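**Student:**
The structure is reproduced here in structure tokens:
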């Protein structure tokens, strides 16, 4: 699978997570060969949809 095909597949799965699993905010970053090929961030930081989720949102791991 090429980088474009991988990106499309990950984007589709990422968006399904919001629709089917009721996720309210998430982000993902994929790196291959030292290069970021995918960076997605969407949703809100809380269920009340007050603060938008973006690539700088911090979460405990």
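Numbering (the numbering used here), first residue to last: 3 to 63. We put the beta carbon where it would ideally sit given N, CA and C, even for glycine. Given the structure is predicted, the values throughout are model-derived calculations rather than measurements.
For the region 11-43, which segments carrying the beta strand (DSSP E) assignment without a break, of at least 3 residues, lie completely within its bounds, in sequence order?
**Tutor:** DSSP runs (the beta strand (DSSP E)) wholly in the region 11-43: 27-34.
**Student:** Which residue's Cα is closest to the Cα of residue 56: 38, 37, 31 and 35?
**Tutor:** Of the listed residues, the one whose Cα sits closest to residue 56 is 31.
**Student:** Among 48, 40 and 23, which has the Cα closest to the Cα of residue 4?
**Tutor:** Nearest option by C-alpha distance: 40.
**Student:** My assumption, with CB atoms under 8 Å, is that residue 19 sits in contact with residue 25. Please give the rounded CB distance.
**Tutor:** About 5 Å separates the two Cβ atoms, so the contact holds.
**Student:** What residues are listed by DSSP as bridge partners for residue 45?
**Tutor:** In the DSSP output, where bridge partners are listed per residue, residue 45 has 27.
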